[in-house]
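Throughout the sequence shown, residue numbering follows mature numbering (1 follows the signal peptide of the UniProt record, and there is no 0), covering -27 to -1, 1 to 529 in sequence.
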Amino acid sequence: MSIFALRSAVVTALLFPSLMYASGAYAAGTCGDIRNTGGHPPELTIAEAKSVPGNAEMPRSHCLVQGELAAHQGIDGRAYAIHFEMRLPDDWNGRFVHQFNGGNDGKVLAATGPLLGGNKADNALSRGYAVVSSDAGHDEAAFSDKGLAGSAAFGFDPVARQDYGYGAVAKLNPLAMRLVEQYYGQKIAFRYGIGGSNGGRHALMAATRLPEQFDGLLVGYPGFNLPKAALQHAWDVQAWAKVDQDIAKAFSPADMAVLAKGILSACDALDGRVDGVVGNADACQSRFNIKTLACKTEKQPDCLSQDQITALRTSHAGPRNSKGHALYSNWDWDPGMGSANWRLWKLQSPVAAWGGKPIIAVMGAGSLAQIFTTPPVPVNGTPEDLQKFLLDFDFDRDAPKIFAKSGPFTESAADFMIPPDSANPRLKAFKDAGHKMIVFHGNADPVFSVLDTVKWYRKLDSNNGRKAGDFVKFYRIPGMPHGAGGPSYDDFDFFTPLVAWVEKGAAPGPVSAGITKDNKDGAALTPGRYLYCPYPLVAHYDKAAAGSDSPHFKCR
């Protein structure tokens, strides 16, 4: 038994001596009594606790608890607190999930525990888990006067910054688990954390800073180098603007389809089947040459101009300063770059209030200016001003500010946003505690480079004697952009194998996947199922592969 597990067992034995051997489904206490239970710390306020009957959206009846923690007044004169909600099912399965939310946080999303798979109705709450969700220490609605920059305006307070980075989870998680155990009168059997994007970053931060608090972590498309990834936003906008000052016109959907078709033509068959996905991504990077898509003379519908090719090559090399030093990561060539999701993030949105600007401008610029730059830089919240901030960004002068400290901002963005060991990951305490993790990432992610995650996992594996797979499994998802969709088999379930690994010691292997019904880009794929293999294995088509319930693929 690890020191962390031993300590947990000792504490449990002292606090709950009669509960050490409880098992099965547990009956709930009285919902309203949570507000009156003694022993709450003074920094906790429970605003409401009410019973919620099961319905079509949330079939399990449960107790909804809403409250706030660690309220303070920021140096900007604004009021801050960690707002949270918990949903405690009447027929609890004895387990707990911390739902790590994405984006800039700032909202208390319903604590249902999304499992990051294709079936959105299948979540932790529906499976009987107690779930907590929070806004990570700031309320986006309080900054409505800041326009589109409001979601990042909390960056003018150093405590709110820290809570967003890691403080909110560190403060809320032990308290939430304590409330769960008080409510049910039982010790939590297993503790999980689930999150994608910034939520995936929260999960990796927890593995490093709170290794004893989570038995299992499901980590989707993690933005663990988020301040560095934000530099890519400025890099992209500046590259697109060299093609057309109206960046939405730099590449039409038809242009991106030419790119996707070119990648497929070069690489689709590398996994043994022409099906619309590039399963062997590593082999594709040396096989595909974007120069083959260049128009021979003037621009035509079936080719790309030289300016377009230069812009795409610049973007995919990743941001650099004038000395040529890499500031983030390079990227994968993947047909998912032709998806609507990729376009929404990188080139153009259909939202009128955003002026048609992509997410990297309307959200990314405010984050880079106000959260990741120290000291924070005010930026007007109009689409035009936000994009101008990115166009004017200087990679020699401004990029180093993600590592800067100033006055009351005693932590840089790199300090509070990036897990402490991400550049040289070991996760020793997490591993020694016997805990497990599954990480997955789409090859066409336009926000966080899958190659950054590949580099992280390779280093983790090297630092653990090529045995990182004993406690962390990593899966690459061909064709998938940010989180879901794209020309990918995006209907999968990584949570069930994580639970089996944590609770039964059954290490995950290949994971079968289908196509979600609402994935329009997925309609171009070969119908049926695909197979995702633990990295570095790659799925290869094999007609002789047995099993009517499994696809004709093998990992090799």
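Just so you know, even glycine gets a beta-carbon here, dropped at the ideal spot from N, CA and C.
Taking a C-beta distance under 8 Å as the contact criterion, residue 406 and residue 184 qualify as a contact pair.
Within the DSSP secondary-structure output, residue 148 pairs in no beta bridge.
If you look at residue 59, you'll find it in the beta strand (DSSP E) that goes 52 to 62.
Beta bridge pairing from DSSP links residue 21 with 39. A straight line joining the alpha-carbon of residue 485 with that of residue 358 spans about 45 Å.
Counting along the chain, the unbroken beta strand (DSSP E) around residue 528 starts and ends at 526 to 528. For residue 56 against residue 132, the beta-carbon gap comes to about 15 Å, at or over 8 Å, which does not count as contact. Residue pairing from DSSP places residue 464 in a beta bridge opposite 487. For residue 350, no alpha helix (DSSP H) encloses it, and the DSSP letter there is neither H nor E. Taking residue 95 as reference, the option from 474, 66, 82 and 31 with the minimal CA-CA separation is 31.
In this structure the region 62 to 73 touches the region 157 to 165; the number of beta carbon pairs closer than 8 Å is three or more. Ranking 287, 210, 106 and 393 by CA distance to the CA of residue 330 puts 210 first. Taking a C-beta distance under 8 Å as the contact criterion, residue 489 and residue 515 do not qualify as a contact pair.
DSSP places residue 430 in the uninterrupted alpha helix (DSSP H) bounded by 423 to 436. Counting of Cβ neighbours within 10 angstroms places residue 346 among the buried residues, the total reaching 16 or more. Beyond the five residues adjoining it in sequence on each side, residue 253 comes within less than 6 Å, by CB distance, of 243, 244 and 511 in the same chain, given in chain order. Between residue 231 and residue 266, the gap from beta carbon to beta carbon is short of 8 Å. Three or more Cβ pairs drawn from the region 307 to 315 and the region 458 to 472 lie within less than 8 Å of each other, which places the two stretches in contact. The three-state secondary structure of residue 137, taken from DSSP, is helix. The continuous alpha helix (DSSP H) containing residue 333 extends over residues 332 to 335. The same chain holds no residue with a CB closer than 6 Å to that of residue 491 once the five nearest residues on each side in sequence are set aside. Secondary structure note for residue 206: its alpha helix (DSSP H) is the uninterrupted segment 199 to 214. DSSP places residue 390 in the uninterrupted alpha helix (DSSP H) bounded by 386 to 390. When only Cα atoms are considered, residue 151 and residue 91 end up about 32 Å apart.
Annotated three-state conformation of residue 105 is strand, per DSSP.
Under the 10 Å beta carbon count, residue 322 is surrounded by 16 or more other beta carbons and is classified as buried. For residue 321, there is no enclosing alpha helix (DSSP H), since its DSSP letter is neither H nor E. Distances from the CA of residue 51 to each of 20, 73 and 128 were compared; the closest alpha carbon is that of 128. In the structure shown, residue 379 adopts extended strand secondary structure according to DSSP, grouped into three states.
Under the 10 Å beta carbon count, residue 247 is surrounded by fewer than 16 other beta carbons and is classified as exposed.
With distances taken between CA atoms, residue 190 lies nearest to 166 out of 166, 206, 148 and 289. Judged by DSSP secondary structure, residue 190 falls within the beta strand (DSSP E) whose first and last residues are 189 to 193.
Taking the Cα positions, residue 496 is about 29 Å away from residue 425. For residue 123, there is no enclosing alpha helix (DSSP H), as DSSP gives it neither H nor E.
Distance from the Cα of residue 422 is smallest, within the candidate group 168, 142 and 315, for 315.
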